[in-house]
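Taking it in order: structure first as structure tokens, then the write-up.
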Amino acid sequence: MSLLLENIRKNYREPDGRPLPVLAIERFALDRGEQSVLVGASGGGKTTLLNVIAGITLPDEGRVTVDDNDLTAMPEPVRDRFRAERIGFVFQTFNLLSAFTALENVLLGMSFSGTRADRSRGVELLKRVDLAHRLDHRPGQLSVGEQQRVAVARALANQPSLLLADEPTANVDVANQQNILELLRNTCSENNVALLLVTHSTDVAGQFDRIEPLDSFNRPASGEAP
20 MSLLLENIRK
30 NYREPDGRPL
40 PVLAIERFAL
50 DRGEQSVLVG
60 ASGGGKTTLL
70 NVIAGITLPD
80 EGRVTVDDND
90 LTAMPEPVRD
100 RFRAERIGFV
110 FQTFNLLSAF
120 TALENVLLGM
130 SFSGTRADRS
140 RGVELLKRVD
150 LAHRLDHRPG
160 QLSVGEQQRV
170 AVARALANQP
180 SLLLADEPTA
190 NVDVANQQNI
200 LELLRNTCSE
210 NNVALLLVTH
220 STDVAGQFDR
230 IEPLDSFNRP
240 ASGEAP
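Right, dumping it as structure tokens:
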């Protein structure tokens with residue numbers, strides 16, 4: 020099993036100090052190589068859930084297990100290294116480094132795991148998202164859609180065992196949306212990578228066999244969905 024969530028609880032705070040329950044998940048699992056799409060209302064906790072799964076945010080309670088490793092028991096430096104090695108993340112806000120080129124951003128994604136950056140793989144991934152002509156361009160010289168495609172290439176660079184994608188097609192032009200989705204899905208299938216993808220698009224969600232509405236398994240506060 021690639022991912023297992025058990026008894027997850029995550030609260031934030033209202034301005035007046037009261038707790039704001041966001042996540043209350045008894046169990047959620049994703050097998051190695053399985054692909055699932057996560058849907059739900061905006062503000063319902065989908066991005067928070069991805070951040071908890073990746074170990075960027077720790078839950079208040081519960082266990083997050085990736086490849087039989089409990090992220091919640093790891094010190095932060097160990098958790099960061101584990102994420103770099105095992106978890107690919109396509110962020111909704113891209114998180115590209117502005118001082119580096121598209122290719123350098125992809126190669127940095129490799130180096131964060133402590134392995135030697137594979138330039139040929141970086142180039143190939145950028146070619147697959149139709150950015151062969153943009154290798155030496157910095158994020159500020161790229162369109163929003165091109166930045167999103169760089170983020171996808173970077174997330175795949177280390178051949179992770181779990182890939183998380185937060186609205187990966189939201190900022191991409193229509194002509195490239197299907198290319199991005201097929202790249203993610205085909206690469207995960209080829210490498211037996213588990214994929215959890217968040218989307219608001221019914222067209223995107225409809226291409227997945229497993230569609231998970233967040234409120235079907237997330238029950239914060241007295242059993243009510245957020």
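Residue numbers (our numbering): 20 to 245.
Where a beta carbon is used, it is the ideal one built from N, C-alpha and C, also for glycine.
All values derive from a computational prediction rather than experimental measurement.
Same chain only: Cβ atoms within 8 Å of residue i, ignoring 5 sequence neighbours per side
| i | result |
| --- | --- |
| Phe110 | Ala170 and Asp185 |
| Val148 | Arg168, Val169, Val171, Ala172, Asn195, Asn198, Ile199 and Leu202 |
| Asp50 | Met20, Ser21 and Ala213 |
| Gln166 | Phe113, Leu115, Pro158 and Asn190 |
| Thr66 | Gln111, Asp185 and Val217 |
| Ala240 | Pro40 and Ala43 |
| Val223 | Val56, Thr188, Gln196, Leu200 and Leu216 |
For residue i, the first and last residue of its enclosing beta strand (DSSP E)
| i | result |
| --- | --- |
| Gln54 | Gln54 to Val58 |
| Val191 | Note, Val191: premise wrong, no beta strand (DSSP E); not H, not E. |
According to DSSP, residues forming a beta bridge with residue i
| i | result |
| --- | --- |
| Val49 | According to the sequence shown, residue 49 is Leu rather than Val. Its beta-bridge partners are Leu22. |
| Glu80 | Arg28 |
| Phe108 | Leu183 |
| Arg229 | Ser55 |
| Leu116 | DSSP, once it has assigned bridges, lists no residue as partnering Leu116. |
| Ala246 | Examination of residue 246 is not possible in this model, given that the chain is present from 20 through 245 alone. |
| Asp99 | In DSSP, Asp99 forms no bridge with anything. |
| Asn17 | This structure cannot speak to residue 17, because the chain is shown only from 20 to 245. |
Alpha helix (DSSP H) segment containing residue i, residue limits
| i | result |
| --- | --- |
| Ile72 | Lys65 to Ala73 |
| Pro239 | Pro239 to Gly242 |
| Ala172 | Val163 to Leu175 |
| Ala213 | From DSSP, Ala213 is part of no alpha helix (DSSP H) but of the beta strand (DSSP E) over Ala213 to Val217. |
| Gly36 | That residue, Gly36, is in no alpha helix (DSSP H); it is neither H nor E in DSSP. |
| Val148 | It is not in any alpha helix (DSSP H) - Val148 carries neither H nor E in the DSSP assignment. |
| Met129 | Ala121 to Ser130 |
| Asp222 | Thr221 to Ala224 |
7 Å Cβ shell around residue i - same chain, five flanking residues per side excluded
| i | result |
| --- | --- |
| Arg28 | Leu42, Ala43, Pro78, Asp79, Glu80 and Gly81 |
| Leu116 | Asn124 and Leu127 |
| Glu243 | Model confidence at Glu243 stands at a pLDDT of 43, short of 50, so the residue's coordinates are unreliable; what they give is reported in the following sentence. Cβ neighbours of Glu243 beyond the five flanking positions: none. |
| Asp86 | Ser21, Arg105 and Ser180 |
| Phe47 | Leu24 and Phe236 |
| Val193 | none |
| Glu45 | Asn26 |
| Asn30 | Pro38, Leu39, Pro40, Val41 and Asp79 |
Residue-chain proximity (residue i, chain B), Cβ-Cβ < 9 Å
| i | result |
| --- | --- |
| Val142 | Here chain B cannot be found, since the structure has a single protein chain. |
Nearest-angstrom Cβ-Cβ length linking residue i and residue j, presumed shorter than 8 Å
| i | j | result |
| --- | --- | --- |
| Gly63 | Leu233 | 5 Å |
| Leu145 | Ala136 | Not confirmed; about 13 Å, so no contact. |
Close beta carbons around residue i, own chain, < 6 Å, minus the five adjacent residues each side
| i | result |
| --- | --- |
| Glu231 | Ser55 and Leu57 |
| Asp155 | Thr120 |
| Gln178 | Asn210 |
Is it true that the stretch 34-41 meets the stretch 53-61, where meeting means three or more beta-carbon pairs spaced less than 8 Å apart? With the cut-off at 8 Å, the stretch 34-41 and the stretch 53-61 do not touch.
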